[in-house]
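Data block below; observations after.
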Amino acid sequence: MSEEEIQKKYTEFQMLQQQFASFAENKSMVDQRIAEIMLTIDALQKLESTTAQSDTLMPLGSGVFVSGTVEDTKMVLVDVGARVYAKKSIADAVAVLDARKQELQQVEQELQTEMQHITTQAMTVEATLKKMVEESKKDE
Numbered sequence: 002m003s004e005e006e007i008q009k010k011y012t013e014f015q016m017l018q019q020q021f022a023s024f025a026e027n028k029s030m031v032d033q034r035i036a037e038i039m040l041t042i043d044a045l046q047k048l049e050s051t052t053a054q055s056d057t058l059m060p061l062g063s064g065v066f067v068s069g070t071v072e073d074t075k076m077v078l079v080d081v082g083a084r085v086y087a088k089k090s091i092a093d094a095v096a097v098l099d100a101r102k103q104e105l106q107q108v109e110q111e112l113q114t115e116m117q118h119i120t121t122q123a124m125t126v127e128a129t130l131k132k133m134v135e136e137s138k139k140d141e
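Counting from 2, one number per residue, gives the positions in the sequence shown under the numbering used here.
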């Protein structure tokens, strides 16, 4: 085996590793988004059982809260895209979030499948690369 062929195979292996890392990062972001949606659905269900005019702590993000009064426990504003918000009932908001969660779970599954495919490819390339290196050492 020539040094050039070994180098090409090694480059192919590195590219597969980079692809895997990219897919893993995307999957992690999707997983975080799914977890966020599930927390939001839980919060909406709790809000539904809250009475109007109750005092509560409202999250601003990054572990920061503000004290406030909930005036309407039946309707919420939902992002419907392009920073456009629509007033929806709790049940409708949960339905929107459930649909988003299902879409993300599909994306997550596709990413997982692709990661498995890349892993299989990488294992094949790695085995071939090892064989090439061993043959190269024999030729020396």
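Virtual Cβ for every residue (Gly too), placed ideally from N, Cα, C.
Here residue 7 is not near residue 124, since their CB atoms are 7 Å or more apart.
Partner residues in the beta bridge of residue 65, as assigned by DSSP, are 62. Our two residues, residue 131 and residue 35, have alpha carbons roughly 40 Å apart in a direct line. Pairing residue 17 with residue 122 gives a Cβ-Cβ distance under 7 Å.
Apart from sequence neighbours up to five positions away, the residues of its chain that approach residue 86 with a beta-carbon distance below 6 Å are 78 and 80, ordered along the chain.
Distance from the CA atom of residue 129 to the CA atom of residue 28, rounded to whole angstroms, is 28 Å. The three-state reading of DSSP puts residue 57 in strand, counting E and B together.
With a cut-off of 8 Å on Cβ pairs, the segment 61-80 is not in contact with the segment 99-118, counting fewer than three such pairs.
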